[in-house]
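A short write-up of the structure that comes next.
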Amino acid sequence: MKRFFALTSAALVFSASALSASAALIAGSIVINNQPAQAYPARFEGE
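For the sequence shown, this note's numbering assigns the number 570 to the initial residue and increments by one for each residue that follows.
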């Protein structure tokens, strides 16, 4: 039972860190997408 609890807590910590990392990525992409168009190189226009 102790081993199961250790595995469960490790999985919870891992999923929590993965969630925070993906949340940071989403927030970063939102910030990038809200910047003015002239901040992008020309190859990104029209996408």
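C-beta: ideal position from N, C-alpha, C; glycine also. Quick caveat: nothing in here was measured; it's all calculated off a predicted structure.
C-alpha distance - residue i paired with residue j, whole-angstrom precision
i	j	result
V600	L594	10 Å
V582	A596	21 Å
A580	A592	18 Å
K571	N602	46 Å
F574	A590	24 Å
S586	S598	18 Å
Extent of the continuous alpha helix (DSSP H) run through residue i
i	result
N602	571-602
Contact set for residue i: own chain, Cβ-Cβ below 8 Å, skip 5 residues either direction
i	result
L588	none
S578	none
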